[in-house]
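Following: one structure in structure tokens, then a few remarks.
In our numbering, the protein residues as written are 14 to 521.
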């Protein structure tokens, strides 16, 4: 193919003969695993090349004599489909893929088994038709498995059936010819959600990483007409995309469509200018086909979880990396495409994501989810030492109610816990001060009562003394009056005797 007709494809599955397909380690791992009759699953974020990987793997396996089919989950039906219709659609897909239309009258076959449950009909079809009519090794690819997770009926039975096909190998060796490859944006725990059932714990996980420079050499061909050093140009692109397939193909297409050649030695600066002008600046309006908005929407789609995902992303931006622990939140952040795990560390996937979804964007989105964004940012900036930034009173109660409705980040919980502990310390101090005040009041009351008691005693003694004095004085007055009266009597008697004596004398 001449360079002038060379085209990069942005989005969608690449055709089996696409010259821009980049073969990665995952290609070899998946192909080898399926040939060895291993159940495999490729669970990763969107636009990482899973469907293109399926197309290429089917091509290789079929070339080696294996029979393959791809169940088109999205074509079977959406939320309004019934379990009977959905499982019938799966069986119909298999009949067509393995060219069994001449072997079975599917309509009558299904009608004769209406008494069975949908998943039982699927199991009977596999055992009595598929494994009988197809003697070769059979590989069934189930792509876009995340689309079945939104069905209105439980889909656990479907994945439990796949697991049962693996487990039957012990007693029915014919099942060793049947393998499944699951692909989609999900985690193994999403496949069987009923906690009372055995989890989906079979198969081999195939890691799907970004393009490495040596792997991505097929992309160089289109860049040769733009620069004398296409490898340096591609390397500069990978430095921004981290090998993310969609973004790498997009930058290659941008470069190919630019009219101006690239001067030797300016590749890095040229790519940076291209990334900033065509991807980062006004990214929401330039995001066609949609990619960055898909990542944003997956992070923010569930408000109960968004705070935790944003909090994790914020910590990675601040610290550069986090210890990977495969927690549900970390796995979900990886499924958004924002982060990846490498050598036990969780990191932002590439420079483009780190620039578009930077700390400013993260804090803004967190602010929409929590009313205390400025306070927690200042508290974290103080190394969690500035207690003046902590919430208190009604604001703290409101934030705690928010935490009950949403799964907040670890930093949020630390912030709210610190505020609650400070409030408790304040309450303890207030209670201590109140207790001390009560003790002081009680002591004052005791002393006042004591003083009142002493005063009352003194007053009583004084009154008694006064009464005694009064009684003594009264008696003295009475005694004096009696003496006066006695004196008056004696005077009267003396006067009487004088008058009598004078009268007797006048008679003489």
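Ideal Cβ positions, reconstructed from N, Cα and C, are used throughout, including at glycine.
Straight-line spacing of the CA atoms in residue 340 and residue 121 works out to 48 Å. Counted as a single uninterrupted DSSP element, the stretch harbouring residue 165 is not any alpha helix (DSSP H), since DSSP gives it neither H nor E.
In the pairwise beta carbon analysis, the stretch 188-207 is classified as touching the stretch 48-61: at least three pairs are separated by under 8 Å. Per the coordinates, the alpha-carbon of residue 437 lies some 12 Å from the alpha-carbon of residue 409. Under the three-state reduction of DSSP, residue 80 is assigned to strand. Taking a C-beta distance under 8 Å as the contact criterion, residue 84 and residue 138 do not qualify as a contact pair.
Assigned with DSSP and collapsed to three states, residue 217 falls in strand. Here the alpha carbons of residue 281 and residue 231 stand approximately 20 Å from one another.
Residue pairing for residue 196: DSSP places it in a beta bridge opposite 55. In this structure, DSSP gives residue 353 an extended state, which the three-state scheme calls strand.
Cβ atoms of residue 156 and residue 67 come within 8 Å of each other, at about 6 Å. Distance from the CA atom of residue 177 to the CA atom of residue 111, rounded to whole angstroms, is 21 Å. The alpha helix (DSSP H) runs of length 4 or more contained entirely in the stretch 358-433 are, from start to end of the chain, 364-369, 372-382, 386-394, 406-418. Secondary structure note for residue 155: it is in no alpha helix (DSSP H), and the uninterrupted beta strand (DSSP E) holding it is 151-156.
Of the candidates 61, 30, 28, 34, the residue whose Cα lies closest to the Cα of residue 347 is 61. The Cβ-Cβ distance between residue 226 and residue 365 does not fall below 8 Å. Taking 8 Å as the cut-off, the Cβ atoms of residue 78 and residue 149 count as close. Residue 105 and residue 30 have their C-alpha atoms spaced approximately 28 Å apart. Shown here for residue 222: same chain residues with a beta carbon closer than 8 Å to its own, the five before and five after excluded, namely 37, 38, 39, 256, 353 in chain order.
The DSSP assignment places complete alpha helix (DSSP H) segments of no fewer than 4 residues inside the stretch 267-321 at 280-288, 296-299, 305-313, in order along the chain.
Judged by beta-carbon spacing, residue 187 lies beyond the 8 Å limit of residue 74, meaning their Cβ atoms are not closer than that value.
In the structure shown, the three-state DSSP call for residue 226 is coil.
DSSP, reduced to helix, strand and coil, places residue 30 outside both helices and strands of the structure shown, so it counts as coil. Partner residues in the beta bridge of residue 335, as assigned by DSSP, are 359.
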